[in-house]
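Below is one structure, written out as structure tokens; the observations come after it.
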Ligand SMILES: Nc1ncnc2c1ncn2[C@@H]1O[C@H](COP(=O)(O)OP(=O)(O)OP(=O)(O)O)[C@@H](O)[C@H]1O
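In the working numbering, the protein residues as written are 2 to 280.
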């Protein structure tokens, strides 16, 4: 993927990556990724968009080193990826420590990277405040709503201030108003640090709003169909980006592509439906 500054080194590189789950002697398995090539330059924010089951999460898990590809090569910062404090991730199945408070959950994530207790506490408080949970800092996860728990997980992922952020639908169960505020906070943090972000979302608007590039993925077997440069000015919170002609065109284009992909996927619940036709 070329950015405005072509001299930027690629921070994440996937070359010919394929992954099949559950392939055994008898079972053929599920092909999650097929020959995926992706290069993410330093400082880029990339959204992964595509129908359910197209392999978006699998890409994140391969990039963070939690699963290995069957074929192909993955390089993160020039080396084989492995989880560590330079990588922050927030997955759909984020797990909070139930017997620990909001503060305790975020501080725990910092245990490895910040030795000084006071510094760790200050950092945790800063991010808990940032996700709007200052009033709930001493509450336990069971005392929070689903969206609030998701915000704790977000604070935990951001607090380590990682060079690479891997986020799997981090705002999925957050209410619409809070989600907009969280998007702005994420953009602010990302632009201050210029870390690399790989962001999975089902929201076309969110994908465009946040990213430098939108990677459109196709249904099974998971492939990258297109990489689109968003090309909207930053900072995007300083103007009504959704009213821009470019935003409206991109949204219409991506919606049309995704709708078509869902309707032609035989494994989709909406396969073959004539959506939009009058009854
Ligand atoms: N651990 C696993 N074992 C078996 N199959 C798996 C596993 N993980 C993923 N898959 C399958 O691989 C395919 C890709 O899954 P993945 O979660 O990457 O898709 P996705 O695009 O993130 O989906 P969604 O948008 O619904 O979260 C799917 O068919 C899924 O069922």
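Idealized CB from N, CA, C, for every residue including glycine.
Quantities reported herein were computed from a predicted structural model and do not represent experimental measurements.
For the alpha helix (DSSP H) containing residue i, list its first residue and its last residue.
i, result
"residue 103", "103-111"
"residue 57", "57-64"
Determine the contact status of residue i and residue j, defining contact as a CB-CB distance below 8 Å.
i, j, result
"residue 107", "residue 125", "yes"
"residue 226", "residue 217", "yes"
"residue 19", "residue 39", "no"
"residue 43", "residue 197", "yes"
"residue 263", "residue 10", "no"
"residue 17", "residue 23", "no"
"residue 221", "residue 37", "no"
"residue 131", "residue 181", "no"
"residue 73", "residue 15", "yes"
"residue 213", "residue 45", "yes"
"residue 166", "residue 158", "yes"
For the beta strand (DSSP E) that residue i lies in, which residues bound it at each end?
i, result
"residue 243", "No beta strand (DSSP E) holds residue 243; DSSP gives it neither H nor E."
"residue 37", "31-42"
"residue 207", "Note, residue 207: premise wrong, no beta strand (DSSP E); alpha helix (DSSP H) at 205-211."
"residue 214", "214-219"
"residue 12", "11-22"
Taking its Cβ as the centre, do 16 or more other Cβ atoms sit within 10 Å of residue i, making it buried, or is it exposed?
i, result
"residue 89", "buried"
"residue 81", "exposed"
"residue 63", "buried"
"residue 235", "exposed"
"residue 6", "Legend: pLDDT at residue 6 = 48, less than 50; position of this residue unreliable, value from coordinates given subsequently. By the neighbour-count rule (16 or more Cβ atoms within 10 Å), residue 6 is not buried but exposed."
"residue 48", "buried"
"residue 69", "exposed"
Comparing C-alpha positions only, which one of the options sits nearest to residue i?
i, options, result
"residue 94", "171, 249 and 252", "171"
"residue 128", "101, 139 and 161", "161"
"residue 135", "103, 142 and 163", "103"
"residue 143", "49, 204 and 99", "99"
"residue 191", "164, 59, 270 and 242", "164"
For residue i, which residues of its own chain have a beta-carbon under 7 Å away from its beta-carbon, when the five flanking residues on both sides are left out?
i, result
"residue 174", "147, 148 and 151"
"residue 194", "162"
Less than 6 Å between C-beta atoms, sequence neighbours within five positions excluded: which residues of the same chain meet that for residue i?
i, result
"residue 113", "86"
"residue 168", "91 and 200"
Going along the chain, which residues of its own chain have a beta-carbon closer than 8 Å to the beta-carbon of residue i, five neighbours each way excluded?
i, result
"residue 115", "121 and 124"
"residue 67", "84"
"residue 184", "172, 207, 210 and 211"
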